[in-house]
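Everything below concerns the one structure shown next.
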Amino acid sequence: MGEKEQKGPGGVRYYRLSEIEGQNTFKSTWIIIHNKIYDVTRFLEEHPGGEEVLKEQGGGNATESFEDIGHSTDARELASSMVIGELHPDDRDKIAKPVETLVTTVKQETSWTNWLIPAVVAAIVTLIYRTYIAESN
Ligand code: HEM
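Using full-length UniProt numbering, the first residue of the sequence shown is number 1, and each one after it goes up by one.
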């Protein structure tokens with residue numbers, strides 16, 4: 001594709017998302033954390049959290065899972081020794097946006113029921129209250 005070996009500032013190796021997604025085989029596992037590419041192939045068996053979790057994230061964005069676990073500074077230092085490059089700047093939106101869009105869509109879909117239910121409850125309460133007031137007068 002003529003896009004191989006792209007370099008960023010400081011000679012950092014840029015990888016396209018398509019190249020990374022291919023690296024999830026029995027031979028090699030790459031993961032993305034904060035737009036950095038980690039080759040965890042040789043680390044799989046040593047990972048205290050198990051090799052399965054790394055393989056699950058293989059070829060994709062593991063940022064959230066990595067942060068959710070709350071990895072120690074030791075773990076972060078260890079991780080930095082496995083960096084092989086960075087995600088190409090043009091591909092960074094691609095791993096971040098779909099998640100945000102999905103969340104927004106879900107929120108939009110539920111938003112009218114979010115106010116509809118309280119509104120209906122409020123209306124019923126008002127009716128009961130009015131009936132009660134009317135009866136006691
Ligand atoms: C280069 C990437 C990674 C490195 C170097 C790394 C390293 C480590 C280390 C050293 C620990 C021991 C606890 C600590 O020091 O914080 C650990 C625990 C753990 N890691 Fe990772 N990790 C990486 C990526 C991931 C990812 C992507 C996931 C999830 C998908 C994950 C899931 C876990 C879990 C669940 C534990 C907890 C194990 C336990 O407490 O029993 N790790 N990792």
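For every residue, glycine included, the Cβ atom is placed at its ideal position computed from N, Cα and C.
Beta-carbon spacing of residue i, residue j below 8 Å
i	j	result
Ile84	Ile37	yes
Gly49	Ile31	no
Ala79	Ile33	yes
Local conformation of residue i per DSSP, three classes
i	result
Lys27	coil
Gly50	coil
Glu56	helix
residue 138	What is shown of the chain runs 1 to 137, which leaves residue 138 out entirely.
Asn61	strand
Val120	helix
Glu45	helix
One or two residues paired with residue i in a DSSP bridge
i	result
Val125	Its beta-bridge partners do not exist; DSSP assigns none.
Ile33	Lys36
Glu86	Tyr14, Lys36
Enclosing alpha helix (DSSP H) for residue i [first to last residue]
i	result
Asp74	73–80
Query raised in the report: Three or more C-beta pairs closer than 8 Å, one from the region 50–65 and one from the region 16–36: is that the case here?
Result: yes
Query raised in the report: Between the region 39–55 and the region 113–131, do at least 3 Cβ pairs fall closer than 8 Å?
Result: no
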